[in-house]
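Each number in our numbering comes from the position in the sequence shown (counting from 1) with 243 added on. I have placed the structure first, in the form of structure tokens, so that the comments after it can refer back to it.
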Amino acid sequence: MIISEFDRNNPVLKDQLSDLLRLTWPEEYGDSSAEEVEEMMNPERIAVAAVDQDELVGFIGAIPQYGITGWELHPLVVESSRRKNQIGTRLVNYLEKEVASRGGITIYLGTDDLDHGTTLSQTDLYEHTFDKVASIQNLREHPYEFYEKLGYKIVGVLPNANGWDKPDIWMAKTIIPRPNSQ
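Shown next, in the form of structure tokens:
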């Protein structure tokens with residue numbers, strides 16, 4: 244398997260990415276996955292592919308925000324039968340190096356809790372917010388734990404962002420060493 248910059252001029256790879264997005268998140272991408280892929284191909288964005296025997300098995304992207312210092316990780320997707328094989332980890336590691344090479348300091352992401360995968364979806368997050376974040380529990384293999392293993396921290400939540408009791412969990416990581424302050 245090869246992890247490398249996405250070939251933005253390869254229509255077959257773009258079609259495979261469109262299919263992967265639609266199959267992974269049918270409600271979010273449905274008929275608009277091809278348009279989303281075109282947005283991901285914007286040259287200012289980072290687009291990274293995991294390809295195995297000419298088949299796209301994973302993808303990660305990043306969008307520059309806050310000038311070049313803060314980047315939004317969006318999206319990370321791995322073909323369902325290939326998950327838990329370090330593909331996601333390898334994609335994130337590649338992305339972090341690429342963001343750092345472009346002057347990035349921080350990568351952040353939102354990881355939605357659409358199906359009550361954490362205890363944050365079972366409570367009023369406007370009350371004692373950070374106590375609840377500190378005691379979060381994973382109920383259904385929610386991906387926040389994947390990101391935690393890679394050094395990302397929960398930095399906030401957006402209550403009811405996706406409907407009642409469906410928060411967006413915000414995570415971030417500093418990807419370069421902090422300079423010595425004097």
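Virtual Cβ for every residue (Gly too), placed ideally from N, Cα, C. All of these numbers come straight from a predicted model, not from anything done at the bench.
Of the residues 285, 365, 281, 275, the one whose Cα lies closest to the Cα of residue 375 is 365. Taking the CA atoms as reference points, residue 342 sits about 21 Å from residue 252. In the structure shown, the three-state DSSP call for residue 311 is coil. Within the segment 360–388, the alpha helix (DSSP H) runs of at least 4 residues that lie entirely inside it are, in chain order, 372–377. Per DSSP, residue 348 lies in no alpha helix (DSSP H) and is assigned neither H nor E. Going by beta carbons, residue 422 and residue 410 fall outside the 9 Å limit.
DSSP places residue 393 outside any alpha helix (DSSP H), giving it a letter other than H or E. Pairwise C-beta distances place the segment 376–393 out of contact with the segment 274–287, as fewer than three of them are shorter than 8 Å. Straight-line spacing of the CA atoms in residue 270 and residue 264 works out to 10 Å. Leaving aside the five residues that flank residue 387 on each side, the residues in its chain whose CB is nearer than 6 Å to its CB run, in chain order, 354, 412.
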